[in-house]
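Presented below is the structure to which this report refers.
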Amino acid sequence: MMKKQLVTMNINGENMDLRVAPNDVLVEVLRKEANLTGTKKGCGQGDCGACTVIIDNKAVLSCLTLAMSAAGREITTIEGIADHKTGEMNAIQKSFLNHGAVQCGYCTPGMIMSSYNLLKNKPNPTRQEIRRALSGNLCRCTGYILILEAVQACAAEGGVN
Amino acid sequence: MNILTPFEYFRPTTVDEALELLATKENAKIIAGGSDLMIQLKEKMIHPSNVIDITHIPELQEFKCEEGKGAVLGACVTDAFCEFSEELKAKFPAFSYAAGEIGGPQVREMGTIAGNLANSGPSAETPSSLICYDAQLVLAKKGSERTVDVKDFITGNRRNILEEGEMIKQIIIPEPDPNTKVKYSYVAMRRMMEIDIANMCIRVDLDGDTIKDARCVMGSVAIKPLISEKVPEVLRGTKLGDEEVILKAAEAAQSEVHPITDVRATAQYRVDVIGALVRRILRELAAENK
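The following block contains the structure:
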């Protein structure tokens, strides 16, 4: 075992001192050290997108990121997009619910993070742009149509905050 | 599974510091985006004692694309940056397009072009277009630098000319001649998140609609990007879009490849795909030149 050291990580706007080893992968640190289990680990190979988080304004894969490398960057997970004070869900989360875009739910945090990042950077995407932005997120319940509709509706109704 | 073999982690903030670490730390590997390296670590394909993270070096994030001066990409410029850069799209459309066809969106935000080259996978997306654009690499090690052509960089399956302690520092793409047209295309099992069955980039240097010179680079059909000798011979001096010439060029390319059968395609299908790619690219280039 490699020795763990205390590393300050900025997660959802909060500085957290976490125990991290040099060979720790970010998704594991988020789930086990930060107790943020909303981020899911799917394939662990960068194919499924379940572990998508946002680092410095970019949707990336926490299963292919060394936790050490993310220290000093701004990390946002699914837990970080709801209203911090009231706990009210983000518009994109509400839209997923309203459109039945969730089935088993395992891909949902990743889908929402990719969608959230898209709408933040591009408030009025075309359907093709949404499809492309979500092409790195797999859903095995085949809910893609409802997911696309949820993202499109969220954009039409004022987007994400 | 998915637990990485222990290593020491270093995070230099200057190129000199990175080169010093590379020179002194034994069995060291560079990590940038991690989209290839992390998988190799997880699969236990590599066992580095030291991992040097170059993503916190501002100099390697630099990007220059000035009027008449080609483009210079630092080693940490990402695939997504090249996919969306308006300057690159205008000047090097085939390269920008190829960068946008790597993995999925998250992988492209993480992965770097230099990493795509250094990984030297036979099915890599960007080497063929970079070779068609005469791109060069600045390779640096402690106390020295050298500039090499991308076409001479990859030597085999996951093999390249990088020496011990050496890293890619920059990618230099010279200003293209306005009469040079380059196009990249590929065939894969699905549209996104795939690994190519075969890919190809063709460059034509035009005088009106006459092809003065040409280049054709094929990927995923050999252990390294295959530069065709016969396709330029067929194309030289002909009119772009001449259907008879297009068919001949396709046959010429097919005669040069000896691909393997693997999970993605049979050898014969790959040969068929190579013919289709030559025909597709030349027809599209002709249509765009009208």
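Just so you know, the protein sequences line up as chains A and B, in that order.
This note's numbering puts the first residue of the first sequence at 222, with every later residue one more than the last.
This note's numbering puts the first residue of the second sequence at 140, with every later residue one more than the last.
Every residue gets a Cβ at the ideal spot worked out from N, C-alpha and C, and that includes glycine.
Beta-carbon neighbours of residue i, restricted to chain A and to distances below 7 Å
{"i": "F146 (chain B)", "result": "P243 and N244"}
Rounded straight-line distance, which links the Cα of residue j to that of residue i
{"i": "S188 (chain B)", "j": "Q245 (chain B)", "result": "27 Å"}
{"i": "H320 (chain A)", "j": "I276 (chain A)", "result": "27 Å"}
{"i": "T258 (chain A)", "j": "L239 (chain A)", "result": "15 Å"}
{"i": "K208 (chain B)", "j": "K279 (chain A)", "result": "29 Å"}
{"i": "L285 (chain A)", "j": "V356 (chain B)", "result": "31 Å"}
{"i": "I385 (chain B)", "j": "K228 (chain B)", "result": "26 Å"}
{"i": "S262 (chain B)", "j": "H305 (chain A)", "result": "45 Å"}
{"i": "M230 (chain A)", "j": "V250 (chain A)", "result": "10 Å"}
{"i": "L301 (chain B)", "j": "L318 (chain A)", "result": "51 Å"}
{"i": "D245 (chain A)", "j": "L345 (chain B)", "result": "53 Å"}
{"i": "P173 (chain B)", "j": "S259 (chain B)", "result": "In the sequence under discussion, the amino acid at residue 173 (chain B) is Gly, which differs from the Pro named in the question. Each residue's alpha carbon lies about 14 Å from the other."}
{"i": "V211 (chain B)", "j": "Q226 (chain A)", "result": "38 Å"}
{"i": "A159 (chain B)", "j": "H186 (chain B)", "result": "According to the sequence as given, residue 159 (chain B) is Glu; it is not Ala. Distance between the alpha carbons of E159 (chain B) and H186 (chain B): 21 Å."}
{"i": "A274 (chain B)", "j": "I312 (chain B)", "result": "4 Å"}
{"i": "I310 (chain B)", "j": "P151 (chain B)", "result": "20 Å"}
{"i": "G267 (chain A)", "j": "A406 (chain B)", "result": "27 Å"}
{"i": "D192 (chain B)", "j": "P243 (chain A)", "result": "11 Å"}
{"i": "R419 (chain B)", "j": "V396 (chain B)", "result": "18 Å"}
{"i": "E382 (chain B)", "j": "L355 (chain A)", "result": "39 Å"}
{"i": "I399 (chain B)", "j": "E235 (chain A)", "result": "52 Å"}
{"i": "G414 (chain B)", "j": "V277 (chain B)", "result": "34 Å"}
{"i": "D288 (chain B)", "j": "I336 (chain B)", "result": "25 Å"}
{"i": "C375 (chain A)", "j": "V274 (chain A)", "result": "20 Å"}
{"i": "M140 (chain B)", "j": "K181 (chain B)", "result": "Residue confidence for M140 (chain B) is low, a pLDDT of 46 falling below 50, so the modelled location carries little weight; the figure read from the coordinates is stated next. If I take the Cα positions, the gap works out to 7 Å."}
Listed by chain order, chain B residues near residue i by CB distance under 8 Å
{"i": "G301 (chain A)", "result": "Simply none; closest approach about 17 Å."}
{"i": "G270 (chain A)", "result": "G243 and Q245"}
{"i": "G357 (chain A)", "result": "G242, G243, P244, Q245, V246, M331 and M332"}
9 Å Cβ cut-off: residues of chain B touching residue i
{"i": "A354 (chain A)", "result": "P244"}
With 16 other Cβ atoms within 10 Å as the buried cut-off, status of residue i
{"i": "I241 (chain B)", "result": "buried"}
{"i": "G308 (chain A)", "result": "exposed"}
{"i": "T251 (chain B)", "result": "buried"}
{"i": "E372 (chain B)", "result": "exposed"}
{"i": "N338 (chain A)", "result": "buried"}
{"i": "T217 (chain B)", "result": "buried"}
{"i": "A426 (chain B)", "result": "exposed"}
{"i": "K224 (chain A)", "result": "exposed"}
{"i": "Q314 (chain A)", "result": "buried"}
{"i": "G331 (chain A)", "result": "buried"}
{"i": "D175 (chain B)", "result": "buried"}
{"i": "G282 (chain B)", "result": "exposed"}
Three-state class that DSSP yields for residue i in the structure shown
{"i": "Y272 (chain B)", "result": "coil"}
{"i": "S224 (chain B)", "result": "coil"}
{"i": "E303 (chain B)", "result": "coil"}
{"i": "K164 (chain B)", "result": "coil"}
{"i": "K322 (chain B)", "result": "strand"}
{"i": "A353 (chain B)", "result": "strand"}
{"i": "Q245 (chain B)", "result": "helix"}
{"i": "Q179 (chain B)", "result": "helix"}
{"i": "E147 (chain B)", "result": "strand"}
{"i": "S283 (chain B)", "result": "strand"}
{"i": "N338 (chain B)", "result": "strand"}
Listed by chain order, chain A residues near residue i by CB distance under 9 Å
{"i": "L212 (chain B)", "result": "Residues of chain A passing the Cβ test: none, with the nearest at roughly 18 Å."}
{"i": "S174 (chain B)", "result": "G267, L282 and L285"}
Contacts that residue i makes with chain A (C-beta to C-beta distance below 8 Å)
{"i": "R150 (chain B)", "result": "M289 and S290"}
{"i": "D194 (chain B)", "result": "The residue you asked about is not Asp; residue 194 (chain B) is Thr in the sequence shown. The answer, in chain order, is S290."}
{"i": "I170 (chain B)", "result": "L287 and S290"}
Contact list for residue i against chain B, beta-carbon separation under 7 Å
{"i": "T258 (chain A)", "result": "Per Cβ cutoff of 7 Å: no residues; T258 (chain A) is ~17 Å from chain B at best."}
{"i": "T273 (chain A)", "result": "Q245"}
Legend entry - Near-chain B residues of the segment 275-294 of chain A (beta-carbon distance less than 8 Å), N- to C-terminal order: K279, A280, V281, L282, C284, L285, T286, L287, M289, S290 and G293
Inset, instruction - Output, in sequence order along the chain, the residues in the segment 241-265 of chain B whose CB is closer than 8 Å to any CB in chain A. - result: G242, G243, P244, Q245, V246, E248 and M249
Inset, instruction - Could you run through the segment 335-354 of chain A and flag, in chain order, every residue whose CB is less than 8 Å away from some CB of chain B? - result: S335, R353 and A354
Inset, instruction - With 7 Å as the limit, tell me which residues of the segment 335-360 of chain B have their beta carbon closer than that to any beta carbon of chain A; keep them in chain order. - result: none
Inset, instruction - For the segment 178-205 of chain B, enumerate the residues whose C-beta is nearer than 9 Å to any C-beta of chain A, in chain order. - result: I178, L180, K181, E182, V190, D192, T194 and H195
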